[in-house]
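Undergrad: In case it helps, full-length UniProt numbering puts the sequence shown at residues 1 to 292.
We put the beta carbon where it would ideally sit given N, CA and C, even for glycine.
Just so it is clear, the structure is predicted and the values come from calculations on it, not from any experiment.
Got a structure for you, written out below as structure tokens; questions coming shortly.
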Amino acid sequence: MILPILSTLLLIKAAVSQPDTNATCSPSFAWAANSRGQSPCLVAAYLGSVCNNGLFFVPSLPDGSFYNGPTVAQANSCGCSSVFYSLLSACAACQSRNFQPWSSFDANCTTVDSQIFRGNIPSETAVPHWAYQNVSSGSFNTTLAQLQLNAPESTANVQPTSTNLPGGSTSTPTSKKKSNAGAIAGGVVGGIVFVCLAGIATFWFLRRRRRSAAPSNLAATPMAYHSTGNTSITPFTSFTASPPPKLYDPDDPSTFPSSSSGLHNPARVNSPAYSGHTLTEPRTQYSGAPEV
1 MILPILSTLL LIKAAVSQPD TNATCSPSFA WAANSRGQSP CLVAAYLGSV CNNGLFFVPS
61 LPDGSFYNGP TVAQANSCGC SSVFYSLLSA CAACQSRNFQ PWSSFDANCT TVDSQIFRGN
121 IPSETAVPHW AYQNVSSGSF NTTLAQLQLN APESTANVQP TSTNLPGGST STPTSKKKSN
181 AGAIAGGVVG GIVFVCLAGI ATFWFLRRRR RSAAPSNLAA TPMAYHSTGN TSITPFTSFT
241 ASPPPKLYDP DDPSTFPSSS SGLHNPARVN SPAYSGHTLT EPRTQYSGAP EV
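Listed below in structure tokens is the structure:
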């Protein structure tokens, strides 16, 4: 037989005027009571009342039954808190009854609070530290709960900031959303950072490559020509140009034409350098015909 606790609440909540329970815990579970001597069943009723106008009743469990999680209509920050789940699970265990894994209990919750209770804890109760254990990957652990009995309780003014685990490690209470909004936002920010880093790396690589490929100052010197017989290159700075030719000057023998130029060179005929010579034309041989 399965007895849903929250459905039962709708039938009897008018009969109670404050958080209450009729469940009785085994003496072997005395360790589960808080400093006020309240059983985990009564503490769970107090936390449930925060979201139900101060009224909540946790009934005892018949043999073979367990406490169901909230329905879609009943899902709220109280019923969808792992702290409330741990207290109900301890309540079932102290009655020698079974309890659901956390993944089944919160199946109808849109927003899940892991290791945290967002509502104001009523001043009439105190929440044991073991109720804040991490159940996100399994179920409530009674053995682990007994290892946390010396940790401070949570009251209306004080709530724990971390949960001590075996081996000295700690787990900080966090609020978990079943939606992927947080993961999407983190992915977008990570993508932007990756693109920026990739752009900076590409700019640095191209700049370094451009510097290594730039020609040296010697290679930038202009060249005059490439010799066909010699692979050496002569720069303009060492090229020697021939002097311009001199104009003819009668008083300057160096400007006179050379002898290889021939007698019919007009410059030689008119040159005073030949004034001491008789210039004759070559004669042809007499052919026997009258000559004029």
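Under the three-state reduction of DSSP, which class applies to D20: helix, strand or coil?
TA: Correct three-state label for D20: strand.
Undergrad: Going straight from the alpha carbon of G69 to that of F194, what length do you get?
TA: Approximately 42 Å, taken between the alpha carbons.
Undergrad: Which same chain residues end up closer than 8 Å to G229 when comparing Cβ atoms and leaving out the 5 residues on each side of it in sequence?
TA: Here G229 scores only 42 on pLDDT, less than 50, and its place in the model is too uncertain to base an answer on.
Undergrad: Count the other CB atoms, across all protein chains shown, that sit within 10 Å of the CB of S104; report buried if there are 16 or more and exposed otherwise.
TA: The residue is exposed, with fewer than 16 neighbouring Cβ atoms inside 10 Å.
Undergrad: Quick check on C41: buried or exposed, where buried means 16 or more other Cβ atoms within 10 Å of its Cβ?
TA: With 16 or more other Cβ atoms within 10 Å, it is buried.
Undergrad: If you follow the beta strand (DSSP E) that T155 is part of, which residue opens it and which one closes it?
TA: Element bounds for T155: n/a, residue is neither H nor E.
Undergrad: Could you check whether the Cβ of Q95 sits closer than 6 Å to any heavy atom belonging to the ligand FAD?
TA: The model depicted lacks the ligand FAD and carries no ligand whatsoever.
Undergrad: What is the rounded straight-line gap between the Cα of S39 and the Cα of G187?
TA: Approximately 44 Å between the Cα atoms of the pair.
Undergrad: Could you pull out every residue in the same chain whose Cβ sits closer than 6 Å to the Cβ of C51, ignoring the five residues on either side in sequence?
TA: Here the set comprises N76, C78.
Undergrad: Looking only at its chain, what residues have a beta carbon closer than 6 Å to the beta carbon of S123, apart from the 5 residues adjacent to it on each side?
TA: So the qualifying residues of the chain are A156.
Undergrad: Within 10 angstroms of its Cβ, does S17 collect 16 or more other Cβ (buried), or is it exposed?
TA: By the 10 Å Cβ count, S17 comes out exposed.
Undergrad: Quick check: the Cα distance between H277 and T255, rounded to an integer number of angstroms?
TA: Because the pLDDT at H277 is just 44, under 50, the model does not fix this residue reliably, and the point stays unresolved.
Undergrad: Determine which residues share a DSSP beta bridge with F57 and list them.
TA: The partner list for F57 (beta bridge, DSSP) reads D20.
Undergrad: In terms of residue numbering, what span does the alpha helix (DSSP H) encompassing V43 cover?
TA: Looking at the DSSP string, the run of the alpha helix (DSSP H) that includes V43 is 40-49.
Undergrad: Any idea if R97 is buried or exposed, counting beta-carbon neighbours within 10 angstroms, 16 or more meaning buried?
TA: Counting Cβ neighbours within 10 Å, R97 comes out buried, since at least 16 surround it.
Undergrad: Considering only the beta carbon of each residue, do V72 and W102 sit closer than 7 Å?
TA: Taking 7 Å as the Cβ cut-off, V72 and W102 do not qualify as a contacting pair.
Undergrad: Quick one: is A30 buried, meaning 16 or more other Cβ sit within 10 Å of its Cβ, or exposed?
TA: Result: exposed.
Undergrad: Reducing DSSP to helix, strand and coil, say where V112 ends up.
TA: Three-state result, V112: strand.
Undergrad: Just to confirm, is the Cβ distance from A32 to S60 under 7 Å?
TA: It is not a contact, given that the beta carbons lie outside the stated cut-off.
Undergrad: Return the residue from the list S28, P27, L55 that minimises the CA-CA distance to D20.
TA: D20 has its Cα closest to that of L55, out of S28, P27, L55.
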